[in-house]
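Taking it in order: structure first as structure tokens, then the write-up.
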Amino acid sequence: SLGDHRAKAEKMFGLMDGFLKNDPVSLQKDIVYHVEYTVARSRFSFDDFEAYQALSHSVRDRLIERWHDTHQYFKKKDPKRLYFLSLEFLMGCSLSNSVINLGIRDQYVDALGQLGFEFEVLAEQEGDAALGNGGLARLSACQMDSLATLDFPAWGYGLRYQYGLFRQIIVDGFQHEQPDYWLNFGNPWEIERVQVSYAVKFYGTVEEEVSNGSNYKVWIPGETVEAVAYDNPIPGYGTRNAINLRLWAAKPSGQYDLESYNTGDYINAVVNRQKAEIISNVLYPDDRSYQGKELRLKQQYFFVSASIQDIIRRFKDVHDNFDEFTEKIALQINDTHPSLAIIEVMRVLFDEEHLGWDKAWDIVCKIFSFTTHTVQPEGLEKIPVDLMGSLLPRHLQIIYDINYKFMEELKKKFGQDYSRHARMSIVEEGAVKSIRMANLSIVCCHKVNGVSRVHFELLKTRVFKDFYDLWPLKFQYKTNGVTQRRWIVVSNPSLCAVISKWLGTEAWVRNIDLLAGLRDYASDADLQQEWRMVKKINKMRLAEYIETLSGVKVSLDAMFDVQIKRIHEYKRQLLNVLGIIHRYDCIKSMNESDRRKVVPRVCIIGGKAAPGYEIAKKIIKLCHAVAEKVNNDPGVGDLLKLIFIPDYNVSVAELVIPGSDLSQHVSTAGHEASGTGSMKFLMNGCLLLATADGSTVEIIEEIGADNMFLLGARVSEVPALRDQGASVRVPLQFVRVVRMVRDGYFGFKDYFESLCDTVENGKDFYLLGADFASYLEAQAAADLAFVNQEKWTRMSILSTSGSGRFSSDRTIEEYAEQTWGIEPCKCPF
Ligand code: NBY
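Quick look at the structure:
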């Protein structure tokens, strides 16, 4: 009975010596305990990795306490909860972030120091959790940190891929992909919940059933797979709250296919059951195109179905009808990838809970909101109807029903404007009849958010114009942000100390607006000197890393000029490389006195190309070909170096960003929905060399155009330039550098031909030629500013002090108020 259970629980709690303590001896005891009993190594003999494991387990114990308390408290208060659904989370490493957010880093450093260990050395043993591709996935991770820190009652849901984003290795300058089997050595940051599992159905048929005199549809599945929960506590900073990120893994279902067991083919029956696990095996590594693959759709539904079952189960634990559903639940879908959740809720409420269509539809329309991260219409997700119909037959019917009603509404509103109906329909007719997941999401969600103001304008005027005309109030934007906890406190402790010293408080870690207080000291000689010292320390760290990776020694006096992000034509890494070739060409033709005036540069490029993206892979190869020539040219020496950093990921970013002087964000205007890398550089006092695209436009408003190096055509100018085609004005220097690549100056003449073709002969879609002169001017302005270190440092301080608006705390506050309608629920200490 319940009473019995409580008595037992109280007895057990009485055995616990209160909560865990954080004095050095208690921490040491815990670490040694975990070495001996959890890692099961002898306390007399264990290596750094085992020490890291034990350390992590002791931190995890502390996380779990807060996480339990938070959930207990949420349960008691029953506030409206936010459920954040995303197929991708780029969490990176957890150890340093956890001890900082828990407020026990110093204690651990001391405790370990007394045992003869260095915290940092152990922290380096951890591998990245890379369950995502790029910006979208890291944004989810930053937002989870803000949700926890701001005490919002939120849950994240995602997939526990066995293989995260591929590891990039470079062989002879070419990218090769290797599997990231990140769970090989265990993962102390997750808690396996074998008892939290749900059956997820696929395939099969839909049948009619009569119940209480009404007809209902019943889905008879052809296959069932079990979803098992793995919980990942997410600690807030400066609060007891720790929220949950629940990731689902696929396991064979508890139901057996008795047939195959009875036919005596035991071995094959077991082997076949094992195939269920394939669903959560691997992350799709493409961050641009939707290929209509069955496995991908299976992943989406698998994750959605388990999450919705979990959410409804939790609601039903406390409520015995659905009257309060919309007051207790907000569901956010991260891009359209989880948008089947909408149909799944509709199906459960209508087919299983028998609420009736209108009531179910009303609920669905009130709880879902979605954020789009795309600019290009080609980037919108489409699912072939045949595929949907075979994998999820009942869902396809519901989509058709929703679309039918929607089309009726359009007819009432716009009459016989058939081309408008066709554009807006959820179902796309054509060679391959498909479901347009964005249209579906817009029709069913109460809010559609963009990720920057420019993006919002493009959504209204281009991408979703028809929908905006119909429902202007549905559309909003929340400019992206990043968490200062990870991007300053964890990754740049020296800067963190200087900021806190000059502001006289650490409160900015929770209240980023305080950073603006640094503005007053931007010209202060003492702060400037400390600021430069911090940069130097970080550049040293980065230089060491570069030397170990590539054997190239770089000068700390050089300007570290960085472009790190996924490789894409629109992000224009090629513009950067062509600029480097131009710089090299200039240096080669200089006399001694001119050479003395050159500002030395270390150009750093890093990023992964989608495995099937040929042009992006050629850009990587070109980086290496140019680096090979430039870095080995004795006539160039320290004046120019080009380094390609392989296997760019969250941890690499944490090392590179603090150590860079200048960073490039040079997408063709109108192509980057927001961009979030720029915000991390800004916080770390790195100057931006950027186009007026995505969130950069808002960064300009915060720090002023004078404090950065702007270049290129504006969003409004791009269409006219494109129309000019081959007649667009291109500087001679551009023609010359492309010619050098074409003529084989860097080798691989034939291989680079198709790459050169993308920017010449009127085919320069991303306008590298048109923006080249402006790009070189911006680079020259950066050189000039760098020579004047006082001026540069001032710009750098002003960058950090103006970065407050780009904290994900601000983004999350806006979502909470304008989109989700949730309020903080702070667990008492
Ligand atoms: O989302 C990025 C945008 O390009 C960037 O401008 C923005 O700042 C960021 C956060 O809002 N989009 C992005 O990262 N997209 C993906 O990673 C992605 C992943 C998977 C798929 C498509 C896009 N997919 O087709 O499965």
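Note that our numbering has the sequence shown beginning at -3, numbered continuously upward. Glycine residues also receive a C-beta, built at the ideal position from the N, C-alpha and C atoms.
Query                                                                                                                      : Result
W185 beta carbon less than 8 Å from that of N228                                                                           : yes
Cβ-heavy atom distance, S670 to the ligand NBY, below 7 Å                                                                  : yes
Residue(s) in a DSSP beta bridge with R269                                                                                 : Answer is none; R269 lacks a bridge partner.
Secondary structure of K197, DSSP reduced to three states                                                                  : strand
Host beta strand (DSSP E) of G154 (start-end)                                                                              : 150 to 155
Among E425, H417, T368, the one whose alpha carbon lies nearest that of M403                                               : H417
CB of C582 within 8 Å of CB of K637, strictly                                                                              : no
Outcome for K401 when other beta-carbon atoms lying within 10 angstroms are tallied against a minimum of 16                : exposed
Test: Y212 CB closer than 8 Å to a CB of chain C                                                                           : Judged by its chain identifiers, the structure shown contains no chain C, having just a single protein chain.
Cα-Cα separation between Y153 and F80, rounded to whole angstroms                                                          : 6 Å
Beta-carbon proximity of E809 to L146, cut-off 8 Å                                                                         : yes
At least 3 beta-carbon pairs within less than 8 Å: the stretch 325 to 342 vs the stretch 80 to 90                          : yes
8 Å contact criterion, which K197 and D347 should meet: CB distance rounded                                                : No, K197 and D347 are not in contact; Cβ-Cβ is about 12 Å, not under 8 Å.
Distance between R163 and R39 (C-alpha atoms, nearest Å)                                                                   : 34 Å
DSSP three-state assignment for P489, whether helix, strand or coil                                                        : helix
Beta-carbon contacts of K429 that lie in its chain and below 6 Å, excluding the five residues immediately before and after : V381
Segments assigned beta strand (DSSP E), at least 3 residues, entirely inside the stretch 23 to 56                          : none
Cβ-based neighbour list, R242, same chain, cut-off 6 Å, excluding 5 preceding and 5 following                              : Y153, A225, D227
Pairwise C-alpha distance: P715 and P727                                                                                   : 20 Å
Among D282, P248, G708, nearest to Q270 - alpha-carbon criterion                                                           : P248
Classification of T370 by the beta-carbon crowding that lies within 10 angstroms, buried from 16 upward                    : buried
Local Cβ density within 10 Å of D313, reported as buried at 16 or more and exposed below that                              : exposed
M555 versus T544, K531, E540, residue with shortest Cα-Cα distance                                                         : K531
Check: S335 C-beta below 7 Å from any heavy atom of the ligand NBY                                                         : no
Enclosing alpha helix (DSSP H) for P389 [first to last residue]                                                            : 389 to 410
Contacting residues, own chain, Cβ-Cβ under 7 Å from S799 (five flanking each side not counted)                            : L511, M675, L678, M679
Contact the stretch 438 to 448 vs the stretch 461 to 473: 3+ CB pairs below 8 Å                                            : yes
heavy atom of the ligand NBY below 7 Å from Y286 C-beta                                                                    : yes
contact_flag[the stretch 46 to 56, the stretch 14 to 33] where n(CB pairs < 8 Å) is 3 or more                              : yes
Candidates S448, G673, Q729: closest to K567 by CA position                                                                : G673
Cα-Cα separation, L499 to E588                                                                                             : 46 Å
Residues near E526 in its chain [Cβ-Cβ closer than 6 Å; skip 5 each side]                                                  : V494
L684 vs H667 beta-carbon contact at 8 Å                                                                                    : no
Contact belief for A195 with E222 at Cβ below 8 Å, rounded distance in angstroms                                           : 6 Å
Residue range of the beta strand (DSSP E) that includes E340                                                               : E340 -> not in any beta strand (DSSP E); alpha helix (DSSP H) instead, spanning 336 to 343.
F135 beta carbon near the ligand NBY (any heavy atom closer than 7 Å)                                                      : The sequence shown places Leu at residue 135, not Phe. At least one heavy atom of the ligand NBY is nearer than 7 Å to the Cβ of L135, so yes.
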